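Below is one structure, written out as structure tokens; comments come after it.
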Amino acid sequence: MVDDDLWSAVGDPTRRRVLDLLLSEGSGTATSLSEQLPVTRQAVAKHLIVLDRVGLVHPTTAGREKQFRVDEAQLARAVAQLADVGAAWDSRLQRIRRIAETIQRGKDTSNKTKKQ
Amino acid sequence: MEFGTIEREIHIDASPEVVFDVVSSPEHLREWWPDEAEFPAVPGGAGRIGFGDFSQGGTWAQFAVVDVAPPRLFSFRWTHEEGESAAPGNSLLVVFELQPVGTRTLLRMTESGFRERGWDEAKVAAEYAEHVTGWDFYLPRLPAYAVKVAAGAGA
């Protein structure tokens, strides 16, 4: 079952960059993240709220600004759901292959019969 | 992982002409993906594909052919709203590229548009999930179909 909110959260390119930065640096604040992104601190803070709401990041209050960390279990869940989309295509392509190969074998057989 | 695009490759032991027919004709599409497919296989051809229980109306998705260049390329857009013209930003783009390798075919498939669709992505994802379930349900009828095609082609 696909969780719509989780999909929406990772569907945004800026939020994916935020997740990437948090993963590579371990943690970050709206200020530290905005310094590495082409968006304002306020915009980053809004993205962090969206990510927090679906459980992809967790805030800890240390000092004057919230520190955010990625919830890796929840991220793994989101990635698994995205992988399902690819799996659907894997199934379709296997069917395309089987149908095409069956038709090809039929043609090859009928050509041989004609030649004889 | 790239979230915006799905890319796949598969080798098929059939000529590009045969594979092209399977990926592009509504008759064959019905056997590997939707339950119903109605579209003219010409550039710009608009139609729809349907899934599920049609006694309860089924679920329809808009479908529009983009490029048709047999036996090398077939592409279409889908999931745009009914009444809208398919375009970047309102639909997903599926491209099939066929490359001959000896007597076989290398089939490349890409599906893109997730990134551009932004918030609508969630809705699309939900549709995908239904398709996955659909495949589990429809899988058993495929071998029977393959035998039927073989019998027809051999006759």
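Chains as they are written, first to last, in the working numbering: chain A, -18 to 97; chain B, 14 to 168.
Using N, Cα and C, we set each Cβ at its ideal position, and we do this for glycine too.
Quick caveat: nothing in here was measured; it's all calculated off a predicted structure.
Boundaries of the alpha helix (DSSP H) harbouring glutamate 44 of chain B: 39 to 45, taken from the DSSP string. The three-state reading of DSSP puts serine 5 of chain A in helix, counting H, G and I together. Within the segment 33 to 54 of chain B, Asp34, Val35, Val36, His41, Glu44, Trp45, Trp46 place their CB atoms closer than 8 Å to a CB of chain A, listed in sequence order. Annotation: the continuous alpha helix (DSSP H) that includes aspartate 33 of chain A extends over 22 to 34. An exposed status is given to glutamine 112 of chain B, since fewer than 16 other beta-carbon atoms sit within 10 Å of its beta-carbon. Against chain A, the beta carbon of alanine 99 of chain B has no neighbour under 9 Å; the closest one sits roughly 19 Å away. Taking a beta-carbon distance threshold of 9 Å, glutamate 124 of chain B counts as an interface residue toward chain A.
Membership of leucine 18 of chain A in any alpha helix (DSSP H) is not indicated, and neither H nor E is assigned to it by DSSP. In the structure shown, proline 40 of chain A adopts extended strand secondary structure according to DSSP, grouped into three states. Looking at the DSSP output, valine 78 of chain B sits in a beta bridge with B/Phe89.
Residue burial annotation: proline 47 of chain B is buried, with at least 16 other C-beta atoms found within 10 angstroms of its C-beta. Looking at the DSSP output, tryptophan 73 of chain B sits in a beta bridge with B/Gly63. Listed along the chain, the chain B residues whose CB falls inside 8 Å of the CB of aspartate 71 of chain A are Arg21. Counting along the chain, no beta strand (DSSP E) covers glutamate 97 of chain B, and no H or E run does either. Sequence-distant Cβ neighbours of alanine 50 of chain B in its own chain, meaning closer than 6 Å and more than five residues away, are Pro39, Leu42, Arg43, Ile62. Taking 9 Å as the threshold, the shortest C-beta distance from leucine 120 of chain B to chain A falls below it. Glycine 58 of chain B is positioned such that its CB atom lies no closer than 9 Å to that of phenylalanine 64 of chain B.
Rounded to the nearest angstrom, the gap between the Cα atoms of threonine 18 of chain B and valine 25 of chain A is 25 Å.
Looking from the CA of isoleucine 30 of chain A, the closest CA among A/Arg86, A/Leu(-13), A/Gln85 belongs to A/Leu(-13).
Per DSSP, the beta-bridge partners of lysine 47 of chain A are A/Thr42. For the C-beta of valine 31 of chain B, the chain A residues within less than 8 Å are, from N- to C-terminus, Ala81, Ile84, Gln85, Lys88. For a Cβ distance threshold of 7 Å, residue set Ile19 of chain B lies close to glycine 67 of chain A, ordered along the chain. Serine 104 of chain B is positioned such that its CB atom lies no closer than 9 Å to that of arginine 121 of chain B.
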